[in-house]
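Residues 3 to 672 (this note's numbering) are what the sequence shown spells out, left to right. Every residue, glycine too, gets a C-beta built ideally from N, C-alpha and C. Owing to the predicted nature of the structure, the values given are computational and were not obtained by experimental measurement.
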Amino acid sequence: MPSFVEIITPIGPNVVVDTMRWSEALGRVPTYEITVVSKTGNIDFKKLLGGNLTVGIELGDRKRRFINVFIVGYSELGAQRSRHFPDNPGAIAHVYKLTAAPRLWFMTRRANFRYFPDKTARDILATMFGEFGLLTSLKFTGGTSVWEYCCQYRETDFNFVSRIMEQEGLYFYHSHENGKHTLIVADSPSQHAPASGLGVVEYEQGGGGVDLGVDFVSSWEARYVCQPGKYTLADFDQLKPKTPVVATKSKPLQHDFDSFEVYDFPGDTCASSDTTKYAGMRLEELQADCEVFHGSGPLRGLEVGYTFTLTKHPVKRMNTEYLVTAADFYVRNNSPDGEGADFQCNFTALDAKVQYRAPRITPRPVVHGPQPAIVVSDPDKYLRVKVKFPWARQGQDTCWVRVAQEWAGNRYGAFYIPHIGHEVMVDYFEGDPDRPVITGRLYSSQAMPPFALPDNKTQTGLRTLRGNELKFEDKQGAEKIYIWAVKDFESKVEEERLENVGKDYHLKVAENEFHTVTKKYHLKVDGDMNTTVAQAMSFKAGTDWDAKVGAKFATDAGSEIHLKAGSTMVLEAGASLTLKVGGNFININSGGVFIKGSMVMVNSGGAAGSGSGASPDAAEPAKDAKASERGEKITPAKPETPPGYSPQAQSLKLAEQTGAPFCAVCQGLK
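Put into structure tokens, the structure is as follows:
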């Protein structure tokens with residue numbers, strides 16, 4: 003008699019399937035345990051590892067259900083008595099247990115680090131599945147978000163694609179044919195077709211056995227669970243920090259506590275439109291578990307990801323179409339005399355109209371602490387840079403990474419730019435590898451500190467690439483602040499500038515010095531003041547020039563002194579006034595006026611002398627220092643108002659505040 007379960011792909015002489023077990027669920031990789039027996043024990047399954055295998059299950063009417071998988075492991079169970087080879091001496095057969103899985107399983111065997119900057123989930127999935135040669139059908143209808151920075155971090159390829167699909171509300175299942183299978187990724191009830199080998203299924207309570215011509219449901223259970231009716235996601239957009247990124251989705255479930263809300267942060271997105279989408283997906287994920295159906299029976303044509311229609315259930319509303327979301331299968335092959343065949347299936351289903359979302363159970367990688375990285379780009383206008391991590395492979399860099407500063411306001415604050423080649427320290431918000439931030443800089447053997455250590459261990463400061471420097475010396479007895487400007491130094495004080503120097507003040511200018519004072523200029527020297535001008539000195543007063551000397555006022559000109567008054571000139575001395583040229587002089591004192599000369603001529607001969615006149619050079623004005631731009635005060639966004647209490651919560655709150663019991667048990671305890 004033909005076998006109920008048969009290996010279509012030859013793997014050795016006289017190899018027969020004894021039993022099969024497997025579990026499937028939407029969004030989960032199924033594995034198959036296939037126990038086979040052989041007359042001989044010389045089958046080398048090592049050579050079959052990784053090979054493709056197709057198993058056919060009889061459905062009746064000469065139809066078969068195919069399961070196409072790859073052999074990923076095996077066990078040798080030794081020789082045992084077997085019902086499949088009664089003609090063998092002692093009915094002995096060699097038993098093997100094969101572990102098989104779809105091609106997707108091999109994604110669990112490879113782990114990696116990699117970046118996917120500015121890619122949609124569809125792009126990422128297509129790339130990953132393509133690397134493994136998967137036959138895929140990306141049937142999801144909704145558009146997937148652009149992930150500004152998506153990192154596969156210390157995780158298997160499957161873990162990576164699985165959490166992306168869960169985040170985007172996607173899930174997968176397989177369709178099988180003879181010799182191949184296809185991975186189907188879906189996101190909507192409309193994308194699920196009826197199982198080709200099942201269709202309409204009757205409910206037959208307590209039915210048993212396997213009728214090779216009939217599939218039926220022998221047990222049925224409907225389970226209901228309270229779930230919240232509201233989901234709110236919040237996030238922070240670094241490019242629009244004043245714009246709240248908050249979205250709420252609500253769907254009442256007609257129970258007393260359906261007003262309860264799940265509030266979560268971060269929402270794994272920065273765009274408000276994405277937050278709205280994700281909030282809806284998260285609510286659908288929870289509410290898909292509100293009404294779940296469990297059944298069992300010899301359903302050989304039942305497949306996860308496909309639908310069937312239940313009929314003849316005594317509760318009429320149960321007779322509708324369902325989507326199979328999970329199932330456990332057990333198959334026992336028949337013996338050559340046709341006896342012993344069995345097929346059992348326990349399954350979970352949803353109403354086919356309900357939106358299913360796979361539970362987010364795939365672990366997200368967590369970065370446990372900061373990591374070093376090398377800057378590989380100039381900053382953008384937000385002072386973000388790209389970096390390369392030690393684990394990044396050739397040609398891989400990141401998206402723009404924010405740089406933490408000691409102080410950051412709107413056009414004011416600290417401003418330290420990491421440059422190409424700098425080693426930086428990268429940390430992660432909540433340990434999420436998709437949310438990096440540069441928190442510090444690091445020296446190394448290739449990038450040494452600017453001051454030699456440990457000789458200069460008392461120094462603190464900074465030095466730029468071109469040599470601009472600010473340094474603080476704290477060595478006892480040699481404390482100093484040192485500033486070096488490689489080219490220009492500008493300082494602007496909008497009001498007062500005060501400087502007190504305890505001892506000496508030295509100023510040395512290699513070329514020119516300019517001072518411009520728009521009002522008064524005061525200079526007070528308690529001791530001596532010495533001024534030496536190597537060439538000309540010009541002085542010009544717009545109105546008056548007053549000079550008062552306590553003792554002596556002496557002026558010595560090498561060739562000429564010219565004093566000129568526009569109207570009046572007075573030379574006054576308290577005791578004596580003398581005009582002297584050579585041996586001639588005029589002296590005026592308290593005793594009279596004395597004139598002595600080689601010849602004294604009055605109104606006779608001679609001529610008045612003239613001087614060269616005063617022509618002082620005008621002072622050039624000093625240049626203005628560049629004014630600093632003003633910062634702007636940031637007005638933070640208003641916090642979200644929490645939702646009001648539900649009527650039940652208000653009652654509980656009032657009871658807590660007043661001490662009043664609100665149930666019989668509480669009254670008894672009181």
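From residue i to residue j, what does the alpha carbon distance come to, in whole angstroms?
i      : j      : result
Cys668 : Leu285 : At Cys668, the pLDDT of 48 sits below 50, so the modelled position is not reliable; the number obtained from the coordinates is stated separately. The alpha-carbon atoms of Cys668 and Leu285 are separated by roughly 34 Å.
Cys2   : Phe310 : Residue 2 is absent from the structure shown; the chain starts at 3 and stops at 672.
Ser561 : Gly584 : 14 Å
Val163 : Thr129 : 10 Å
Lys253 : Ala224 : 21 Å
Val57  : Pro196 : 21 Å
Thr158 : Arg116 : 11 Å
Ser190 : Phe6   : 35 Å
Ala93  : Gln193 : 49 Å
Glu475 : Val369 : 39 Å
Arg465 : Leu472 : 6 Å
Ile36  : Thr101 : 6 Å
Tyr151 : Asp120 : 6 Å
Phe516 : Lys526 : 20 Å
Asn514 : Asn532 : 19 Å
Gly397 : Pro374 : 17 Å
Ala236 : Pro243 : 13 Å
Ala559 : Ile485 : 42 Å
Glu168 : Gln448 : 43 Å
Leu241 : Asp457 : 45 Å
Gly199 : Glu60  : 10 Å
Ser600 : Phe587 : 10 Å
Apply the 10 Å Cβ neighbour rule to residue i and answer buried if 16 or more other Cβ atoms are within range, or exposed otherwise.
i      : result
Gly544 : exposed
Lys672 : Residue placement at Lys672 is flagged as unreliable, the pLDDT there being 47, under the threshold of 50; the coordinate-derived value follows with that caveat. When all chains shown are included, Lys672 counts as exposed.
Gly75  : exposed
Gly670 : Residue confidence for Gly670 is low, a pLDDT of 48 falling below 50, so the modelled location carries little weight and cannot support an answer.
Phe596 : exposed
Ala610 : exposed
Lys383 : exposed
Gln478 : exposed
Tyr98  : buried
Asn161 : buried
Does the beta-carbon distance from residue i to residue j come in below 7 Å?
i      : j      : result
His296 : Thr250 : no
Pro420 : Lys542 : no
Ser147 : Asp276 : yes
His564 : Gly613 : yes
Arg218 : Gly303 : Reading off the sequence, residue 218 comes out as Phe, not Arg. In this structure, Gly303 does not lie closer than 7 Å to Phe218 by Cβ.
Val326 : Val306 : yes
Pro268 : His176 : no
Pro438 : Pro367 : no
Asp63  : Asn335 : no
Met427 : Gly415 : no
Asp429 : Pro372 : yes
Ala624 : Thr520 : no
His315 : Tyr205 : yes
Classify residue i as helix, strand or coil using the three-state DSSP reduction.
i      : result
Ala281 : helix
Ser40  : strand
Met167 : helix
Lys99  : strand
Leu671 : Caution is warranted here: a pLDDT of 44 is assigned to Leu671, below 50, making its placement in the model unreliable, and the coordinate value is therefore given only provisionally. Residue state, collapsed to three classes: helix.
Asn161 : helix
Pro191 : helix
Met22  : strand
Trp107 : helix
Ala536 : coil
Met427 : strand
Phe6   : coil
Asp353 : strand
Pro12  : coil
Ile45  : coil
Next on the checklist: Check whether the region 24-31 and the region 320-336 are in contact - that is, three or more C-beta pairs closer than 8 Å.
Outcome noted: The answer is yes - the region 320-336 touches the region 24-31, with three or more Cβ pairs under 8 Å.
Next on the checklist: Under 8 Å, with one C-beta from each stretch per pair, do the region 81-100 and the region 108-125 reach the 3-pair mark?
Outcome noted: No, the region 81-100 does not touch the region 108-125.
Item to check | Given 8 Å, three or more beta-carbon pairs between the region 223-237 and the region 251-261 | outcome: Contact between the region 223-237 and the region 251-261 is present: 3 or more CB-CB pairs across the two stretches fall below 8 Å.
Next on the checklist: I'd like to know if the region 64-72 and the region 123-130 are in contact, where contact means that at least 3 CB-CB pairs between them fall below 8 Å.
Outcome noted: No, because fewer than three Cβ pairs between the region 64-72 and the region 123-130 fall closer than 8 Å, the two stretches do not touch.
Next on the checklist: Below 8 Å, how does it come out for the region 170-190 and the region 138-145: are there three or more Cβ pairs, yes or no?
Outcome noted: Contact holds: three or more Cβ-Cβ distances are below 8 Å.
Checklist entry - Does the region 402-410 come close enough to the region 452-461 to have 3 or more Cβ pairs within less than 8 Å? => result The region 402-410 vs the region 452-461: no contact.
Item to check | Inter-stretch contact (C-beta, 8 Å, three-pair minimum) for the region 168-177 and the region 357-365 | outcome: These segments touch.
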